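Notes for the one structure printed next.
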Amino acid sequence: MPIRQLPEDLINRIAAGEVVERPASVVKELVENSIDAGARRITIATANGGMDLIRITDDGHGMDRDDLMLSVERHATSKLSEDDLDDIRTLGFRGEALASIGSVSRLSVASRPADAETGLAVVVDNGRRTGPVPQAMNRGTVIEMRDLFAQVPARRKFLKSARSETAAITDVVKRLAMANPEIHFILEGSDRMMSNWPAITGEGALAARLGQVMGADFVENSVPLAMARHGVVVAGMAGLPTYTRANSLSQFYFVNGRSVRDKVLVGAIRAAYADYVFRDRFPVVALYIAIDPAEVDVNVHPAKAELRFQDQGAIRGAVIRAIGVALAAAGFKASNSVAE
Ligand code: ADP
Ligand code: MG
Numbered sequence: 001m002p003i004r005q006l007p008e009d010l011i012n013r014i015a016a017g018e019v020v021e022r023p024a025s026v027v028k029e030l031v032e033n034s035i036d037a038g039a040r041r042i043t044i045a046t047a048n049g050g051m052d053l054i055r056i057t058d059d060g061h062g063m064d065r066d067d068l069m070l071s072v073e074r075h076a077t078s079k080l081s082e083d084d085l086d087d088i089r090t091l092g093f094r095g096e097a098l099a100s101i102g103s104v105s106r107l108s109v110a111s112r113p114a115d116a117e118t119g120l121a122v123v124v125d126n127g128r129r130t131g132p133v134p135q136a137m138n139r140g141t142v143i144e145m146r147d148l149f150a151q152v153p154a155r156r157k158f159l160k161s162a163r164s165e166t167a168a169i170t171d172v173v174k175r176l177a178m179a180n181p182e183i184h185f186i187l188e189g190s191d192r193m194m195s196n197w198p199a200i201t202g203e204g205a206l207a208a209r210l211g212q213v214m215g216a217d218f219v220e221n222s223v224p225l226a227m228a229r230h231g232v233v234v235a236g237m238a239g240l241p242t243y244t245r246a247n248s249l250s251q252f253y254f255v256n257g258r259s260v261r262d263k264v265l266v267g268a269i270r271a272a273y274a275d276y277v278f279r280d281r282f283p284v285v286a287l288y289i290a291i292d293p294a295e296v297d298v299n300v301h302p303a304k305a306e307l308r309f310q311d312q313g314a315i316r317g318a319v320i321r322a323i324g325v326a327l328a329a330a331g332f333k334a335s336n337s338v339a340e
């Protein structure tokens, strides 16, 4: 066969394979967009585990007509102003999510910036764009996705039950809420309210949000982390060695506001607790790292859940020390004392 340039809708569908794995990935991309838009209140409504419907309503800055039309195009982003991949301060930057989602579902994007009299909506039905048409709405953006993978049976087949897709969505929203205490998050299933976490600001906001999301029990059985060392700032809360789990599902890691999975952080936690907990037990932690964005590469995987630190040793050292100091203050003294 001769080489041919693939049509745009097919390119989008291929890209969707990387970004849009399941309803929870759609929720993640859309809520991250709302956060990047400065939203203070984000409502996530789902039906049938998000497979039939996901509707995200935010009160962010919205989009004008031109931006709205561009937003669903591939490689269109407002977040990479300087073409600088080394200085990413937003959650998004690839400009792929809306185009990808629109290529494998029926997507409606409606938006009303603060200065507009009314909203406008654009629809992308499995890759075909129509609109914009006027839409009555509050200030902000409403994105509705229906019938995910209805026209991609090979992928629809791999989705799990509504119950487990709902569990995956809940996990995504939980992590986003933990990273953003100042935002009010509401998560609704088709027939019930699943989570409602009002915004918290000021001192103690993080601990209070962790209490909302992880439970008061965790907060009562953990110590606050506060450490700045070699350009690495460590915050969050670390469970007492007496408060452990049989698996690592209750360990949450955030780097520059993004929930991540990372071996360096997991290893640092293990090392920090090595003297206090058995190897088959896992401390509960909500660990927040802040570093210069230039020191970390988040462009490792399309879902951005993985990253690469430039200086792994500095990260590891800061985490181990932060936890050592916090636990020592609570009366737990390591055999190889935390002092250097
Ligand atoms: P990215 O987030 O990587 O830029 P997306 O495809 O997710 O790419 O979104 C494309 C663009 O659409 C964003 O850069 C942003 O300008 C705009 N956009 C998407 N969602 C929203 C929203 N909820 N509020 C305001 N603007 C949005
Ligand atoms: Mg995005």
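Read in order, the letters of the sequence shown correspond to residues 1 to 340 in UniProt numbering.
No residue lacks a Cβ here, since even glycine has one placed at the ideal position from N, Cα and C.
Since we're looking at a predicted model, the values are computed, not measured.
Query raised in the report: Taking the alpha-carbon positions, what's the residue 122 to residue 65 distance?
Result: Within the sequence shown, residue 122 is the residue found at index 122, counting from 1. Within the sequence shown, residue 65 is the residue found at index 65, counting from 1. Their backbone Cα atoms lie some 9 Å apart in a straight line.
Query raised in the report: Is residue 340 helix, strand or coil when you go by DSSP?
Result: Residue 340 sits at position 340 when you count from the first residue of the sequence shown. Because the pLDDT of residue 340 is 43, which lies under 50, any placement of that residue in the model is unreliable, and the question is left without a value.
**Report entry** For residue 56, the first and last residue of its enclosing beta strand (DSSP E)
**Finding:** In the sequence shown, the residue the question calls residue 56 occupies position 56. Its beta strand (DSSP E) spans residues 53-58.
Query raised in the report: Candidates 312, 238, 281: which alpha carbon is nearest residue 295's?
Result: In the sequence shown, residue 295 corresponds to position 295, counting from 1. Nearest option by C-alpha distance: 312.
Query raised in the report: Going by the C-beta, is residue 73 closer than 7 Å to any heavy atom of ligand 2?
Result: Position 73 of the sequence shown holds residue 73. No, Cβ of residue 73 sits at least 7 Å from all heavy atoms of ligand 2.
Query raised in the report: Can we count residue 21 as close to ligand 2, meaning its CB is less than 7 Å from some heavy atom?
Result: Against the sequence shown, residue 21 aligns to sequence position 21. No, since every heavy atom of ligand 2 falls outside the 7 Å radius drawn around the Cβ of residue 21.
Requested in this report: Jot down the residue ranges of each uninterrupted alpha helix (DSSP H) in the UniProt domain "DNA mismatch repair protein S5" (210-328), minimum 4 residues, whole runs only, in chain order.
Outcome: 216-220, 263-273
**Report entry** Rounded separation between residue 195 and residue 182 - CA only
**Finding:** Residue numbering aside, residue 195 sits at position 195 when the sequence shown is read from its first letter. Residue numbering aside, residue 182 sits at position 182 when the sequence shown is read from its first letter. Distance between the alpha carbons of residue 195 and residue 182 is about 16 Å.
Query raised in the report: Can you find at least 3 beta carbon pairs, one from the segment 40-58 and one from the segment 145-156, that sit closer than 8 Å?
Result: yes
Report task. Using beta-carbon positions only, say whether residue 286 and residue 320 come within less than 8 Å of one another. Result -> On the sequence shown, position 286 is the one that residue 286 refers to. On the sequence shown, position 320 is the one that residue 320 refers to. Cβ atoms of residue 286 and residue 320: not closer than 8 Å.
Query - Top-ranked residue by Cα proximity to residue 324, from 225, 280, 265 - result: Looking up residue 324 in the sequence shown gives position 324. Nearest C-alpha to residue 324: 225.
Requested in this report: Reducing DSSP to helix, strand and coil, say where residue 7 ends up.
Outcome: Position 7 of the sequence shown, counting from 1, holds the residue named residue 7. It is coil, neither helix nor strand.
Report task. Under 8 Å by Cβ, that's how I've got residue 169 and residue 23 pegged, so tell me the actual separation to the nearest angstrom. Result -> By one-based count along the sequence shown, residue 169 stands at place 169. By one-based count along the sequence shown, residue 23 stands at place 23. That pair is a contact at about 6 Å.
**Report entry** Proximity below 8 Å, CB of residue 238 to CB of residue 305
**Finding:** Residue 238 sits at position 238 when you count from the first residue of the sequence shown. Residue 305 sits at position 305 when you count from the first residue of the sequence shown. Contact: no.
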